[in-house]
Amino acid sequence: MRSKLITAFLLLTLVFSLAACGRNSGDSQETSDSSDTQTEEQKEEEPEETEEPEAEEEQPSQDTTDTDTQTPAQDSAAEAATITVYYSNADATAFESSEVQIASLSPEAVLGALVSQGALTADVAENSFTMSTVEGKASIELDLNSAFATYVSNMGSTGEYYTVGALVNTFLDAYECEQIRITVDGNALSTGHAEYPGYLSRFE
51 MRSKLITAFL LLTLVFSLAA CGRNSGDSQE TSDSSDTQTE EQKEEEPEET
101 EEPEAEEEQP SQDTTDTDTQ TPAQDSAAEA ATITVYYSNA DATAFESSEV
151 QIASLSPEAV LGALVSQGAL TADVAENSFT MSTVEGKASI ELDLNSAFAT
201 YVSNMGSTGE YYTVGALVNT FLDAYECEQI RITVDGNALS TGHAEYPGYL
251 SRFE
């Protein structure tokens, strides 16, 4: 009788032990499955995080393109120009002309070209320069310093004609205008031989 009780007790102990092992095994399996599920979810989320830096790296190339397209317009603004410069021949009987290249079309550059051909002295300078339309004609208002009046006044009438004419013809051709008014320090040009109160057209 005692041996039967002992046997029954051992059987019950074995049953409880097996049941406990089954629960532990189930918990371990659930933990493993949960870990696998979390790992797969992390892998699915990672590609979305790595795509954002690639979109940000494309922006610098757009800025470079915008800068390049602007560069030709800035360069073309400083292009050199070729003008026709007039001056008297050796015996002061006719005008001669030469093609002269200048860095850019400006009153200072045109005066410099006249100096290079011997039509003016280097101390002649521009005070102001404007272009407008007067009575339907493209016109120039050119104010020079007193050095121009001094230079012209020391010439004879023939020399004065070709000096003033060289200045007039060169500016009219360079700026494609029909008439020009020359003043000295804001006043009408006056020499010992002539006065120039109004607009002048081309000299022949």
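Residue 51 is where the sequence shown starts when you use the numbering used here, and the numbers rise one by one after that. Glycine residues also receive a C-beta, built at the ideal position from the N, C-alpha and C atoms. Every value quoted in this text rests on a predicted model; they were computed, and no experiment measured them.
C-beta contact flag for residue i and residue j at 9 Å
i: threonine 172; j: leucine 194; result: Here residue 172 is alanine; the residue named in the question, threonine, does not match the sequence. No, they are not a contact pair.
i: valine 150; j: serine 166; result: yes
i: tyrosine 249; j: valine 184; result: yes
i: leucine 244; j: glutamate 191; result: Looking at the sequence itself, residue 244 is alanine, so the reference to leucine does not match. It is not a contact, given that the beta carbons lie outside the stated cut-off.
i: threonine 134; j: serine 147; result: yes
i: alanine 197; j: alanine 159; result: no
i: leucine 222; j: isoleucine 230; result: yes
i: tyrosine 201; j: leucine 170; result: yes
Cβ-based burial, residue i [other Cβ within 10 Å; buried from 16]
i: threonine 213; result: buried
i: alanine 199; result: buried
i: serine 251; result: exposed
i: serine 189; result: buried
i: alanine 140; result: exposed
i: proline 157; result: buried
Cross-strand partners of residue i (DSSP beta bridge)
i: arginine 252; result: BP columns for arginine 252 are empty, so no partner.
i: glutamate 191; result: Thr180 and Arg231
i: alanine 131; result: Ile152
i: leucine 239; result: Tyr246
i: glutamate 146; result: Tyr137
Straight-line Cα distance separating residue j from residue i
i: phenylalanine 179; j: threonine 143; result: 30 Å
i: glutamate 187; j: alanine 224; result: First, the residue type needs correcting, since residue 187 is lysine and not glutamate in the sequence shown. Spanning the two alpha carbons is a distance of roughly 16 Å.
i: asparagine 177; j: glycine 162; result: 14 Å
i: aspartate 235; j: glycine 168; result: 23 Å
i: phenylalanine 145; j: glutamate 254; result: 8 Å
i: threonine 208; j: leucine 164; result: 18 Å
i: isoleucine 152; j: glutamate 129; result: 9 Å
i: methionine 181; j: glutamate 226; result: 11 Å
i: asparagine 204; j: glutamate 228; result: 28 Å
Residue i Cβ short of 8 Å to the ligand FAD heavy atom set
i: tyrosine 249; result: Only the bare structure without any ligand can be found here, which leaves the ligand FAD out of the picture.
Item to complete: Say whether the stretch 216-224 touches the stretch 235-249, bearing in mind that this needs 3 or more beta-carbon pairs closer than 8 Å, one atom from each stretch.
Response: no
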